[in-house]
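First to last, the protein sequences are chains Z and S.
Read in order, the letters of the first sequence correspond to residues 2 to 228 in the numbering used here.
Read in order, the letters of the second sequence correspond to residues 196 to 444 in the numbering used here.
Think of the CB as a built atom: it goes at the ideal place given N, C-alpha and C, for glycine as much as any other residue.
One structure is given here, and the rest of the page talks about it.
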Amino acid sequence: MTPLERFVDTFLNPRLMARYWPDIAQGMLVTVEIALAVVVTGVALGLGLAVLRSYRVRPVNALIVVFVDVFRALPPLVLILIIYFGLPNIGVNLSSYAVLWLVLSLVLGAFAEEIFWAGILSVRKGQWDAARSTGLGFGRTLLYVVLPQAVRLAVPPLTNRTIAITKNTALGTVIGVAEIINQAQTAVSFSGNATPLMMGAVAYILVFIPVVLIGAHVERRFAWRRA
Amino acid sequence: MTLLSDPPILDVRGLVKRFGALEVLKEIDFAVAAQELVFVIGPSGSGKSTLLRCCNRLEEPDGGSIRVDGVDLMDPKCDINAMRRRIGMVFQSFNLYPHMTALGNVTLALRKVIGRNRRDADAAGREALERVGLADKAGAYPAELSGGQQQRVAIARALSLEPKIMLFDEPTSSLDPELVGSVLAVMRDMRRAGMTMVVVSHEMRFAREAADRVVFMEAGRIVEEGPPARIFAAAENARTRAFVAEIAR
């Protein structure tokens, strides 16, 4: 075998591709499902916490800050392992899927809270003054005047963070979530060949390139001229 | 034009406001009668904007009483949001909502505070825009409008709520000189229609022609007040004279 043939045989073996693509496709589906669930709950959690924080109740805000700092500081893998292997000891049994979804949602929620909060703070005080002077209460001012502007400011950093965190679905493999990389590794151990991992890499690209493109589109749509 | 026996629309007594250790307003007494146009002038830091912002409690006073149309704003039972729509406010920096059209800016409070449906609110909003000469800009976003147009939309936003009194906080200070006239013209119209107005501004010519009374503030106190002709030409207080000479230059 020439070096080129050996390379192709190891990484791009057509026979193995044919055999394992259904498994990789199955993994892609799992990755997409968990990623979507994480985006929905994580962004909602972050927005909810940022709104709660803007009411400036001191003990509540202290808790939010602690939560946000802890979940931003810890590597998601540590949280996944602690929760997956720790919770059964206190009688809580969550499936590996649920643990992965929960941890990534909390992590995304923590980052999203900071991003939305920064957005809320960067809306100029005059906007509050104007809305309050027409009789809008705090909650309505937040809802109709401040949040629409804060969310627009939050979209670009939030898009980046969301992509970074949903890629962490790959960590699910250590607790047996049958997502892309888990399927690929299983195939590698059966076949003794790296081709399934290459297929996994391609699968990630197929999943996340559209996300990156959608993110860029959303950023363009939300980039509006500030008065 | 105003009967002395009429209760004032705005009646401020003993108003005190502190920022930390700094006393910004020192027991201010200030009353404005119905249909009166009062100009408030004074050096920066004299407390004129703070006085205005206390009148609808955007700044929380530290003492004294504020009555608007007979209602005590400092009463714990006072529904401040209900009162605020009776007190129109216009800001130096316009503060239009950038994500809404001109009409959206004007109708937000109509819909969400008063609870009018969209059709009624739009009709009232267009009428208010008409009054400030911007009926054709209803669909424009703030970024598409000049400063003068933005300020007129801001005035329409306050007017649409049918306020008893309008407070203007340096309404023309951030406008290019050629745009000031359009805003003053709207204010002149409002005066003709009988609106009660308090204006913090140094537009001397406008004050001279339109104001019933000019109030000079310095260091948290009202130093002198009187008809514009007297304040601008023959003030009793030396500091008033010095200030008037300064802004007339």
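| Item | Value |
| --- | --- |
| Host alpha helix (DSSP H) of GLY342 (chain S) (start-end) | 342-354 |
| Which residues DSSP lists as bridging ILE65 (chain Z), in chain order | ILE65 (chain Z) is not bridged to any residue. |
| Contact set between ASN312 (chain S) and chain Z, taken where Cβ atoms lie within less than 7 Å | Within chain Z, no residue comes near ASN312 (chain S); the closest Cβ sits about 16 Å away, beyond 7 Å. |
| Expected contact under 8 Å - CB spacing of SER237 (chain Z) and LEU17 (chain Z) to nearest Å | Because chain Z in this structure spans residues 2 to 228, residue 237 (chain Z) falls outside the shown range and cannot be described. |
| SER260 (chain S), enclosing beta strand (DSSP E) - first and last residue | 258-263 |
| Endpoints, the beta strand (DSSP E) within which MET392 (chain S) is located | 391-395 |
| contact_flag[the region 136-150 of chain Z, the region 29-41 of chain Z] where n(CB pairs < 8 Å) is 3 or more | no |
| For PHE139 (chain Z), the three-state DSSP class (helix, strand or coil) | helix |
| Buried or exposed by the 16-neighbour rule on C-beta atoms within 10 Å, applied to LYS332 (chain S) | buried |
| Closer than 8 Å at the beta carbon, the chain S residues around SER1 (chain Z) | It is not possible to answer for residue 1 (chain Z), since the shown part of chain Z is limited to 2 through 228. |
| is_contact[THR142 (chain Z), chain S] using C-beta, thresh 7 Å | no |
| Contact under 7 Å by Cβ, ALA349 (chain S) with PHE289 (chain S) | yes |
| Cβ distance (whole Å) where ARG166 (chain Z) is taken to contact LEU109 (chain Z) below 8 Å | The sequence shown places Ile at residue 166 (chain Z), not Arg. Yes, they are in contact, since the Cβ atoms of ILE166 (chain Z) and LEU109 (chain Z) sit about 5 Å apart, within 8 Å. |
| Short Cβ contact (7 Å threshold) for LEU172 (chain Z) with PRO77 (chain Z) | yes |
| Inside the region 150-197 of chain Z only - alpha helix (DSSP H) runs reaching at least 4 residues | 181-192 |
| As assigned by DSSP and simplified to three states, the class of ALA430 (chain S) | coil |
| Length of the line joining the Cα atoms of ALA228 (chain Z) and MET295 (chain S) | In this prediction, ALA228 (chain Z) has a pLDDT of 39, which is less than 50 and means its spatial position is unreliable; what the coordinates show is noted afterwards. Rounded to the nearest angstrom, the two C-alpha atoms are 11 Å apart. |
| Cβ pair ASP130 (chain Z), LEU253 (chain S) closer than 7 Å | yes |
| Residue burial classification, SER106 (chain Z) (beta-carbon count within 10 angstroms, cutoff 16) | buried |
| Identified DSSP bridge partners for ILE282 (chain S) | S:ILE360 |
| Residue from S:ARG262, S:PRO238, S:GLU322 with nearest C-alpha to ARG416 (chain S) | S:PRO238 |
| Below-7 Å beta-carbon distance, SER288 (chain S) vs any chain Z residue | yes |
| Under the three-state DSSP convention, the category ASP206 (chain S) falls into | strand |
| Nearest-angstrom Cβ-Cβ length linking SER160 (chain S) and ALA319 (chain S), presumed shorter than 8 Å | No statement about residue 160 (chain S) is possible, as the shown extent of chain S runs from 196 to 444 and does not include it. |
| Residue of S:VAL327, S:GLN344, S:ARG314, S:LEU303 minimising C-alpha distance to LEU137 (chain Z) | S:LEU303 |
| Partners in chain Z for PRO202 (chain S), counting only beta-carbon separations shorter than 9 Å | Ordered by position in chain Z, no residue passes the 9 Å Cβ test against PRO202 (chain S), which lies about 23 Å from the chain. |
| Whole-number beta carbon distance between HIS397 (chain S) and ILE426 (chain S), since they are thought to touch under 8 Å | So it is not a contact: roughly 13 Å between Cβ atoms. |
| Where the region 265-292 of chain S meets chain Z: residues whose CB sits under 7 Å from a CB there | ASN276, ALA277, ARG279, ARG280, MET284, PHE286, SER288, ASN290, LEU291, TYR292 |
| Sequence-distant residues of its chain with Cβ nearer than 7 Å to PHE223 (chain Z) (five each side left out) | ARG153, VAL156 |
| Start and end residues, alpha helix (DSSP H) containing ASP407 (chain S) | Taken as a continuous stretch (DSSP letters only), ASP407 (chain S) belongs to no alpha helix (DSSP H), as it is neither H nor E. |
| Pairwise C-alpha distance: SER96 (chain Z) and GLY201 (chain Z) | 23 Å |
| For VAL327 (chain S), the residue or residues it bridges with in DSSP | In the DSSP output, where bridge partners are listed per residue, VAL327 (chain S) has none listed. |
| CB contact check: SER134 (chain Z) to chain S, cutoff 7 Å | yes |
| Rounded straight-line distance, which links the Cα of ARG281 (chain S) to that of MET196 (chain S) | Confidence is the limiting factor: at MET196 (chain S) the pLDDT is only 48, short of 50, which leaves the residue's position unreliable and the question unanswerable from this model. |
| Neighbour-count burial assignment, LEU370 (chain S), 16 or more Cβ in a 10 Å radius | buried |
| For ARG213 (chain S), the nearest candidate out of S:ASN251, S:ALA228, S:SER244, S:PRO256 (CA to CA) | S:PRO256 |
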